[in-house]
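To keep things clear, I will list the structure first and then write my remarks on it.
In the working numbering, the protein residues as written are 172 to 285.
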């Protein structure tokens, strides 16, 4: 699976669980690794975990496993590290607070559309 295909699969899996404001950030040239961030929002900690679970399950079907997961228990910000693609699933308030899109403002941003 290419990085682009992985990003698309992640976005679809997040959308299937009603994630909001799903974007892909092209981080190539801005940092050594990863090449892409996928960022999305949820209303509650329960929904954050459901989105993260669905992403993990859907990618596993294609034989793609994450190498690291953080923040799952708290449910405010779950990070799934797939190597060249890192997923950030935020509770809306946390996304606004950390503002990764602004922090990495030089990254090309692509909004997900079904």
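Where a beta carbon is used, it is the ideal one built from N, C-alpha and C, also for glycine. Since the model is a prediction, treat every value here as computed from it, not as a measurement.
Where the alpha helix (DSSP H) through residue i begins and ends
| i | result |
| --- | --- |
| residue 244 | Element bounds for residue 244: n/a, residue is neither H nor E. |
Cα-Cα separation between residue i and residue j, rounded to whole angstroms
| i | j | result |
| --- | --- | --- |
| residue 133 | residue 268 | In the structure displayed, the chain extends from 172 to 285; residue 133 sits before or after that span and is not available. |
| residue 200 | residue 279 | 11 Å |
| residue 233 | residue 227 | 10 Å |
| residue 293 | residue 195 | Look at the range of the chain in this structure, 172 to 285, and you will see that residue 293 is not part of it. |
| residue 215 | residue 172 | 31 Å |
Residue closest to residue i, alpha-carbon to alpha-carbon, out of the options
| i | options | result |
| --- | --- | --- |
| residue 210 | 254, 285 and 248 | 248 |
| residue 206 | 180, 254, 238 and 246 | 254 |
Residues of its chain near residue i, where Cβ-Cβ distance is below 7 Å and the 5 sequence neighbours each way are ignored
| i | result |
| --- | --- |
| residue 221 | 188 |
Host beta strand (DSSP E) of residue i (start-end)
| i | result |
| --- | --- |
| residue 196 | 191 to 197 |
Other residues of its chain near residue i: CB distance less than 6 Å, five sequence neighbours each side excluded
| i | result |
| --- | --- |
| residue 281 | 195 |
Subject >> beta strand (DSSP E) runs contained entirely in the segment 200 to 229, provided each spans 3 or more residues >> reply: 207 to 213
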